[in-house]
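Enquirer: The structure follows.
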Amino acid sequence: MSRGHLFVLSGPSGAGKGTLRKILFQQLGGLVYSISCTTREKRNEEIEGRDYFFVSYERFETMIKHGDFLEWANVHGNYYGTRRADVETSLELNCDIVLEIDVQGSRQIKAIMPEAVRIFITVDSLDSLEERLEDRGTETQEQLTRRLRNAAAEMKYARECEHIVLNDNLEIASEKLADIVKSYRNAG
Ligand code: 5GP
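According to our numbering, the sequence shown is numbered sequentially starting from 2.
See below:
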């Protein structure tokens, strides 16, 4: 029986992964988004069960012990994890699933599921990232500094990925992302 494709979007904070993912879901049908669990505090505009499942540290650690996560990582000081059952069910039902996770998680997924297609979303420089994060305004100065410090290391991961999407122009980048997904679907 055929299985769905697993697409893993990663890239530094502020590169536009979330925006590109949302456009991708408007452009193409038949995609499932893997909603992660996190111990991070919910932002005002976020909705429980749509953006994340917001859980306590205790709950997250219990889920780790139970083997509920396909991958998990400590990112910028909080836990984030992908629920194993969501991914396995989608793939078995022949649905394509999209994960939007950090570089550590992307590496873990590739190690256990070599068929995963990693797509790295990036911008041309750390200065652009800083500008975007400042414009977004969802982080404190301390959180922003931490995210930028991590970004430099994360950007080196690009060359390991199957695809890189440079998000300097949203229209071009979203077209490129959709083309990548379509190319795997067309190949079967
Ligand atoms: P944010 O706090 O901005 O929503 O996300 C911070 C970082 O955590 C982003 O790079 C995001 O892609 C990543 N992230 C979100 N969910 C997961 C997950 O389930 N696993 C891992 N490893 N990273 C995640």
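All residues carry an ideal CB built from backbone N, CA and C; glycine is no exception.
Considering Gly82, what are the terminal residues of the beta strand (DSSP E) in which it resides?
Expert: In the sequence shown, residue 82 corresponds to position 81, counting from 1. Note, Gly82: beta strand (DSSP E), Asn79 to Arg84.
Enquirer: Any heavy atom of the ligand 5GP closer than 7 Å to the beta-carbon of Tyr81?
Expert: Your numbering for residue 81 matches position 80 in the sequence shown. Within the cutoff, so yes.
Enquirer: Residues in its own chain within less than 6 Å of Leu71 by CB, not counting five upstream and five downstream?
Expert: Walking along the sequence shown from the start, residue 71 turns up at place 70. Once the five neighbours on either side are set aside, the close Cβ partners of Leu71 are Thr83, Arg85 and Val88.
Enquirer: Should Val9 and Ile173 be called a contact, given that it needs their Cβ atoms to be closer than 8 Å?
Expert: Along the sequence shown, read from residue 1 onward, the residue named residue 9 stands at position 8. Along the sequence shown, read from residue 1 onward, the residue named residue 173 stands at position 172. Cβ distance not < 8 Å, so Val9 and Ile173 don't count as in contact.
Enquirer: For a minimum of 3 consecutive residues, which ranges assigned as the beta strand (DSSP E) are wholly contained in the region 3 to 81?
Expert: Taking only runs of at least 3 residues, the beta strand (DSSP E) segments lying wholly in the region 3 to 81 are 7 to 11, 32 to 34 and 70 to 76.
Enquirer: When the Cα atoms are used, what is the spatial distance from Thr141 to Asn79?
Expert: Along the sequence shown, read from residue 1 onward, the residue named residue 141 stands at position 140. Along the sequence shown, read from residue 1 onward, the residue named residue 79 stands at position 78. Their backbone Cα atoms lie some 15 Å apart in a straight line.
Enquirer: Can you name the start and end residues of the beta strand (DSSP E) that Thr141 belongs to?
Expert: On the sequence shown, residue 141 is found 140 positions in, with the first residue counted as 1. It is not in any beta strand (DSSP E) - Thr141 carries neither H nor E in the DSSP assignment.
Enquirer: Looking at the unbroken alpha helix (DSSP H) that takes in Arg137, where does it start and where does it end?
Expert: The residue given as residue 137 occupies position 136 in the sequence shown. Here the alpha helix (DSSP H) through Arg137 covers Leu127 to Arg137.
Enquirer: Would you report the Cα separation of Ser14 and Ala152, rounded to the nearest angstrom?
Expert: Sequence index remark: in the sequence shown, residue 14 carries index 13 (1-based). Sequence index remark: in the sequence shown, residue 152 carries index 151 (1-based). Ser14 and Ala152: Cα-Cα distance of roughly 7 Å.
Enquirer: With a threshold of 16 other CB atoms inside 10 Å of the CB of Asp97, please say whether the residue is buried or exposed.
Expert: In the sequence shown, counting from the first residue as 1, residue 97 sits at position 96. Asp97 comes out buried.
Enquirer: Using a threshold of 7 Å, is the CB atom of Gln105 nearer than that to any non-hydrogen atom of the ligand 5GP?
Expert: Residue numbering aside, residue 105 sits at position 104 when the sequence shown is read from its first letter. Yes, Cβ of Gln105 sits closer than 7 Å to a heavy atom of the ligand 5GP.
Enquirer: Within this structure, are the beta carbons of Ala16 and Val182 separated by less than 8 Å?
Expert: To locate residue 16, count along the sequence shown from 1; it is residue 15. To locate residue 182, count along the sequence shown from 1; it is residue 181. Contact flag unset, no.
Enquirer: Is the region 26 to 37 touching the region 97 to 107, taking contact as three or more C-beta pairs under 8 Å?
Expert: Because the criterion of three Cβ pairs below 8 Å is met, the region 26 to 37 and the region 97 to 107 touch.
Enquirer: The alpha helix (DSSP H) that contains Arg190, what's its start and end?
Expert: Examination of residue 190 is not possible in this model, given that the chain is present from 2 through 189 alone.
Enquirer: Could you tell me which of Asn187, Glu42 and Ser37 sits nearest to Val139, measuring between CA atoms?
Expert: Your numbering for residue 139 matches position 138 in the sequence shown. One point to set straight first is that residue 139 is Thr, not Val, in the sequence displayed. For Thr139, the nearest C-alpha among the options comes from Glu42.
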